[in-house]
Each structure stands twice: as structure tokens, then as C-alpha cells.
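Inspection log for the structure reproduced underneath, given as C-alpha cells.
Below is the structure:
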């Protein structure tokens, strides 16, 4: 595939990504569960612990392979299974009014009359933030997906051995969810909303159904979804044409209306920087003819 005309700047460096992703949760984890202040503090504590595990196991030497004697579970999964179960239990206990959220592979009931403010307005992103989950993207070749599909088909447990290179995986934290919330409140008719939604929701999970596995993601939200190389090029072009600075000028009014609660940093810089990461990540994938897999974990 050719490059993407109009993409601003080059691809973000690994150091830039690390620096930006280092701003996680500590700046925007001050949200509270409606009527349950203790939920917020517990979730922040979980987020810090989960982030530490991610940090430690991202440095697990590939040469050491997977932990043996633990039913073939990868090190991060082996040490975080209890936390995953607690996260799911927390979801069942506090967020069962949300009808989009997937819990133990099932969708929960629709919100009853008088449900909490977050559930009643269908703010899926807000619920996922409270569960210390973040938006993940991986750019991969069609050949890599074929290998994972074949591996899953031949494995007794269906594990696709999903492990794309670290440089081809992007953790966007909560930024695009927050950006979509800003658009929907302040510019509800903007065509940019559909572009952003497609960039993180993909075009469907059926082509990558083999990635619906506990070794790939926690199975709390939807299964991973795919954008083909042609779709990636289209999204990359649309992202390159977007301009969000005028939208960011509405942040003060948005926050006065209750948007972006508990954020202690500079929300404009947070959104601008992560949008730049998203755009450059797609631009690089399009230039290399790669597909994109998107999920929440």
C-alpha cells in the first residue's frame, strides 16, 4: 500500500509512546461510582497494581517462553487471573445496569428506570475506565493473522499464541473514549465521530474469531475486531484529514457540564497527544499494507 497523504508528522517513536502512556490512570482515575465513593478508590488501587504487572511482564524475556507447570498460562495471565475475576465480580456487583458490557461472555440487562447517571446515558467508556481497562490496537500483517488462525485451529485449547511485536502494539489509555465523549456532547453531528468509532471498534470480530481467547484479552468487553489493510488505509486518510484543535476549545464548557471528571492534568494536551499517536499509528500501518486488530484489555 502507498503512504497516506496529509498525515501530519512521522511515526511516533517508542520513547514518545512510552512517555505518553506513562501518564496513564494517575491523571484521570479520579472518577467516582455513582453513590459509591469507595468504588473509585478501590478501582484506582486496582489500576495501579494492574499497571505494575503490565510493566513487569512486558519485560519478560521472550527466550524464557511461557511459564511451565501453570497449565500453559502466560506469566501475565497467571499472575493476574485473580484480579481478572475480581474485576468481573466488581462489574457484576456494580455495573449490571449497562446493556453493552460483556460479562463472562454474556451481555447484561438494559438499564432499569432510575438507574445511575452513567448507566442510563449508556456511557460504555466511563464504565470501562472504572474497571481500569484501556483501548488497545495492534497492526499486523495478513500472514501473521493466518499463522495465528492455524495455531488456534491446531491447539487443544484454541490458543492462537497472539504476541505481535511491542512496536506494533499501541495502548491508547482512555483518550479516544474521552475524545468521543467530547465530540458527542459538543459536536454531535460531526462526521469525525464515525471515523474515531471505526478506528477503535473495527469492522467486525468474525474474521478474527480465533482471537476470542483468554490469552488474548480478559473477555470483559467485546472480542477483538479487525480492519483489513484496505480499511486501515481509509481510516488513516480520514484521521489525517481531521482537525481537533477547534473542538478542544470547547473543553472548558464541556467540563462545566460534568465532562472529563476528576482529570488533574491538562485534558487538551492529553487528547491532542493521544490523537496524534492514533493518527501516526494508522498512517504507518497503511504505508506498510498492514491490518489492524482493536480490542479493550
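Residue numbers (this note's numbering): 627 to 923.
Glycine included, each C-beta is placed from N, C-alpha and C at the ideal position.
Computed from a predicted model, the values in this text were never measured in an experiment.
Buried/exposed call for residue 761, threshold 16 Cβ in 10 Å: buried
* Asked: If you draw a straight line from the C-alpha of residue 892 to the C-alpha of residue 799, how long is it?
  -> Between the alpha carbons of residue 892 and residue 799 lies a distance of about 15 Å.
Do you know offhand how far residue 861's Cα is from residue 906's?
11 Å
Residue 667 classed as buried or exposed, judged by whether at least 16 other C-beta atoms fall within 10 angstroms:
Low confidence applies to residue 667: its pLDDT is 39, below 50, so where it sits in the model is not reliable enough to give any reading.
Residue 785 classed as buried or exposed, judged by whether at least 16 other C-beta atoms fall within 10 angstroms: buried
Worksheet item: CB-CB under 8 Å to residue 739, same chain, minus the five flanking residues each way: which ones, in chain order?
Response: Note that residue 739 scores a pLDDT of 32, beneath 50, so its modelled location is shaky; the value from the coordinates is reported in the next line. The answer is none, since no qualifying residue turns up.
Go to residue 858, then tell me how far its alpha helix (DSSP H) extends in each direction, as first and last residue.
Unbroken alpha helix (DSSP H) run through residue 858: 855-867.
Exercise for review: Go through its chain and collect everything with a Cβ distance to residue 874's Cβ below 7 Å, but skip five positions before and after it.
Suggested key: 894, 897 and 898, listed in sequence order.
Next item on the list: Identify the continuous beta strand (DSSP E) that holds residue 796 and give its terminal residues.
Entry: From DSSP, the beta strand (DSSP E) with residue 796 extends over 795-797.
Report yes if the C-beta distance between residue 855 and residue 768 is below 8 Å; otherwise report no. yes
- Item | Minimum length 3: unbroken beta strand (DSSP E) runs contained in the segment 786-845 | 795-797
Counting beta carbon pairs with one atom in the segment 836-847 and one in the segment 771-779, are three or more of them shorter than 8 Å? yes
- Query: On the three-state DSSP scale, how would you describe residue 917?
  - Reply: strand
(message) Looking at residue 796: is its Cβ nearer than 8 Å to the Cβ of residue 922?
(response) Not in contact: residue 796 and residue 922 (Cβ atoms no closer than 8 Å).
According to DSSP, is residue 765 helix, strand or coil? Strand, per DSSP.
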